[in-house]
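Below: one structure, written as structure tokens.
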Amino acid sequence: MDETQLRDLEGVHPELRALWTEAAAAVAAASDDAALEDLRVRYLGRKSRLTEILRSIPTLPQEERPVVGRYGNFVRTGLERLVEERSEELAAAALQRSLSEERVDVTLPGVPLPLGHQHLITQTIRDVQDIFIGLGYRIAEGPEIELDYYNFTALNHPADHPARSLHDTFFIDMAGAPLRPAAGTPVPASPVAGEPADGDAAVSRARDVTALSQEGDVLLRTHTSPVQIRTMERQEPPVYVICTGRTYRRDSDATHTPMFHQVEGLAVDEGITMADLKGTLHHFVREFFGEDRPIRLRPHYFPFTEPSVELDVNCLLCGGKGCRSCKYSGWLEILGAGMVDPNLYGFVGYDADRLQGFAFGMGVERMAMLRHGIPDLRSFYDNDLRFLEQF
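Counting in our numbering, the sequence shown runs from 12 upward without gaps.
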């Protein structure tokens with residue numbers, strides 16, 4: 012309030028003048044934010060003397076009401092401005108004290124950030140790889156965007172095989188190329204046949220896609236088996252490889268996801284028998300699940316192996332006694348395997364009369380589920396730290 016308003020206030024309402032003088036002095040002397048807040052409540056709150064005066068205006072004589080209302084509002088707005096200005100002064104003073112008194116030792120080490128760890132899927136893949144590397148296998152990789160030829164044809168899948176259905180597999184339309192070759196279309200020659208083992212993988216994949224736009228389908232691979240065909244194209248026997256990577260199928264439930272990981276193995280040499288396959292898998296199971304884990308082989312059918320088997324392990328959850336997870340059989344299926352069908356050797360130029368081999372494949376997520384007792388496979392991809400931090 013200016014001097015003129017103060018002189019007028021003295022003559023109009025002495026109590027308002029005294030209230031202004033008292034409140035202004037108290038606000039100016041406030042030493043911190045807490046004291047300032049107490050003063051604001053005392054002089055401007057709902058129970059303050061100023062509020063009582065303003066509320067009493069309707070009871071005053073008619074000629075006094077506008078005068079008291081006008082000057083009462085002058086006092087209220089003036090005090091609000093004083094409180095705001097004093098708050099800014101206190102904040103500036105606190106900042107100045109902080110800048111002058113506080114010191115930062117820039118030589119101290121920084122606050123360490125918490126370190127993460129490998130995802131459980133990655134851990135499982137590494138564990139499986141380590142076991143087979145110890146047996147003399149090497150790791151082989153291939154493209155995730157694959158040719159129909161490598162994903163199906165060269166793996167002995169007939170043209171009407173259910174896995175080729177658009178309802179089961181993610182096919183890619185390459186600039187208007189047909190999603191399904193016409194009946195009787197000849198199988199394209201392998202774009203990378205004869206390529207040396209140390210060839211540039213990026214160049215190879217680029218040539219595959221270029222060839223495909225002219226020769227057939229592109230799809231997201233449904234298994235890592237195409238890597239076995241590509242490996243045999245590039246390498247003369249003997250072949251001992253482990254193929255790992257992401258694969259894709261149109262499945263989504265508690266035990267399936269559209270994207271998942273596989274580990275597949277291939278051994279091609281002279282004199283290989285089913286006994287070698289069983290011994291290899293038995294060693295793997297003991298290393299991965301424990302020394303006392305029984306196994307069994309059951310006859311099955313796969314297009315690229317003959318004969319074919321499925322490998323079961325004694326249920327890890329009930330110890331073979333029978334439970335809901337193993338459908339009360341005491342056994343859980345973990346992988347498919349078999350002797351390489353001689354028809355496959357014709358696609359890679361191997362001598363089927365001289366060579367024998369076996370192959371096997373397993374889902375990494377399923378192996379991790381069984382090993383750690385995880386009920387829902389989708390937990391691996393929910394990105395819930397409460398789950399991931401357990402492994």
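Every residue, glycine too, gets a C-beta built ideally from N, C-alpha and C.
- Message: For T88, which residues in the same chain have their Cβ closer than 7 Å to its Cβ, ignoring the five residues on either side in sequence?
- Response: The residue labelled residue 88 in the question sits at position 77 within the sequence shown. Same-chain partners within the cutoff: there are none.
- Checking contacts by CB at 9 Å: is Y82 closer than that to chain B? Note that chain B does not occur in the displayed structure, where there is just one protein chain.
- Task: Assign F151 to one of three DSSP states: helix, strand, or coil.
- Result: Along the sequence shown, one-based indexing puts residue 151 at 140. The identity of residue 151 in the sequence shown is Ala, whereas the question assumes Phe. In this structure, A151 counts as strand in the three-state DSSP scheme.
- Query: When you compare only the Cα positions, how much space is there between K338 and D323?
  - Reply: By one-based count along the sequence shown, residue 338 stands at place 327. By one-based count along the sequence shown, residue 323 stands at place 312. Cα-Cα distance, rounded: 13 Å.
- Task: Under 8 Å Cβ to Cβ from A39, same chain only, skipping five residues before and after it: list those, please.
- Result: Here residue 39 is taken as the residue at index 28 of the sequence shown, counted from 1. Cβ neighbours of A39 beyond the five flanking positions: L93 and R97.
- Item | Boundaries (first-last residue) of the beta strand (DSSP E) holding V324 | Here residue 324 refers to the residue found at position 313 when the sequence shown is read from its first residue. Counting along the chain, the beta strand (DSSP E) containing V324 begins and ends at T316 to N325.
- Item | Inter-stretch contact (C-beta, 8 Å, three-pair minimum) for the segment 272-280 and the segment 371-380 | yes
- Flag this pair as touching only if the segment 236-256 and the segment 144-164 have three or more C-beta atom pairs under 8 Å; answer yes or no. yes
- Item | 6 Å CB neighbourhood of R260 in its chain, flanking five on each side removed | Counted from its first residue, the sequence shown places residue 260 at position 249. T233.
- Assign A27 to buried or exposed, taking buried as 16 or more other Cβ atoms, counted over all protein chains shown, within 10 Å of its Cβ. Mapped onto the sequence shown, residue 27 falls at position 16. The sequence given here has Leu at residue 27, not Ala. Buried is the call here.
- Message: I'd like to know whether the C-beta atoms of R241 and Y161 end up nearer to each other than 9 Å.
- Response: Against the sequence shown, residue 241 aligns to sequence position 230. Against the sequence shown, residue 161 aligns to sequence position 150. Yes.
- Query: Is the segment 103-121 touching the segment 65-76, taking contact as three or more C-beta pairs under 8 Å?
  - Reply: no
- In the structure shown, what three-state DSSP assignment does L308 receive? Locating residue 308 in the sequence shown gives position 297, counting from the first residue. Strand at L308.
- Query: Cβ of L366 within 9 Å of Cβ of E281?
  - Reply: Reading the sequence shown from its first residue, position 355 is the one you call residue 366. Reading the sequence shown from its first residue, position 270 is the one you call residue 281. Yes. Within cutoff.
- Task: Tell me whether Q273 sits in a helix, a strand or coil according to DSSP, three-state version.
- Result: Position 262 of the sequence shown, counting from 1, holds the residue named residue 273. Three-state result, Q273: strand.
- Message: For Q107, report the span of its alpha helix (DSSP H) as first-last.
- Response: The residue labelled residue 107 in the question sits at position 96 within the sequence shown. Where Q107 is concerned, the enclosing alpha helix (DSSP H) stretches over R76 to E112.
- Task: Could you check the C-alpha separation between G331 and Q401 for me, to the nearest Å?
- Result: As a working note, residue 331 is residue 320 in the sequence shown. As a working note, residue 401 is residue 390 in the sequence shown. Distance between the alpha carbons of G331 and Q401 is about 26 Å.
- Query: Around the C-beta of L166, are 16 or more other C-beta atoms found within 10 angstroms, so that it is buried, or is it exposed?
  - Reply: As a position in the sequence shown, residue 166 is number 155, starting the count at 1. L166 should be labelled buried.
- Three-state class that DSSP yields for L343 in the structure shown: As a working mapping, residue 343 is identified with position 332 in the sequence shown. Reduced to three states, the DSSP call for L343 is strand.
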